[in-house]
Amino acid sequence: MPASSLLPDAWPTLGLILLALSLPACGDDLGAFEGATAIGDAPDGAVAYDPASGSYRITGGGSNIWDTSDAFQYVWRRTAGDLVLEADVAWPEPGGDPHRKAGWMVRGDLTPDAAYADAVLHGDGLIALQY
Numbered sequence: 070m071p072a073s074s075l076l077p078d079a080w081p082t083l084g085l086i087l088l089a090l091s092l093p094a095c096g097d098d099l100g101a102f103e104g105a106t107a108i109g110d111a112p113d114g115a116v117a118y119d120p121a122s123g124s125y126r127i128t129g130g131g132s133n134i135w136d137t138s139d140a141f142q143y144v145w146r147r148t149a150g151d152l153v154l155e156a157d158v159a160w161p162e163p164g165g166d167p168h169r170k171a172g173w174m175v176r177g178d179l180t181p182d183a184a185y186a187d188a189v190l191h192g193d194g195l196i197a198l199q200y
């Protein structure tokens with residue numbers, strides 16, 4: 070069953086996003102999240118949760134989050150109502166693609182053209198609110 074069929078239009082998702090970041094994966098536990106999905110034309114990635122540190126390691130890639138054809142790795146859970154979002158992002162090494170990004174996202178569904186809002190840290194240090 071495709072991951073997109075798990076999310077009816079009435080269920081927005083909250084998740085961590087990853088674009089053009091490569092970290093070693095260390096297991097299958099998703100912590101507080103329900104799923105991990107490659108959105109659009111992105112390669113399959115991986116996610117692991119370390120309960121001791123409360124951190125996530127995400128491996129993934131894609132071309133961008135832009136216009137109507139998003140392509141990135143998304144770690145998500147369904148949510149409704151008010152929520153508070155916070156994320157600390159650490160790149161494994163400086164440099165790399167300046168357009169790589171990681172942070173949080175609220176998304177209407179798992180299709181490449183879904184409405185979304187996110188706050189992300191780019192590889193060049195730029196912090197952006199995107200929608």
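Heads up: the sequence shown is residues 70 to 200, going by this note's numbering. Cβ coordinates follow ideal geometry from the N, Cα and C atoms, glycine included.
In this structure, the straight-line span from the alpha carbon of residue 154 to that of residue 133 is close to 22 angstroms.
Checking the DSSP bridge columns, you'll see residue 153 has no partner listed.
Taking the CA atoms as reference points, residue 195 sits about 30 angstroms from residue 98.
Annotation for residue 102: 84, 144, 145, 146 place their beta carbon closer than 7 angstroms to its own, counting only its chain and skipping 5 residues before and after. Counting every other CB atom within 10 Å of its CB across the protein chains shown gives residue 123 a total below 16, marking it as exposed. Residue pairing for residue 191: DSSP places it in a beta bridge opposite 170.
Per DSSP, reduced to three states, the secondary structure at residue 138 is coil, with no helix or strand assignment. The C-beta distance from residue 129 to residue 114 rounds to 3 angstroms, short enough to meet the 8 angstroms contact threshold. At a Cβ-Cβ threshold of 9 angstroms, residue 139 and residue 112 do not count as neighbours. Rounded to the nearest angstrom, the gap between the Cα atoms of residue 152 and residue 162 is 31 angstroms.
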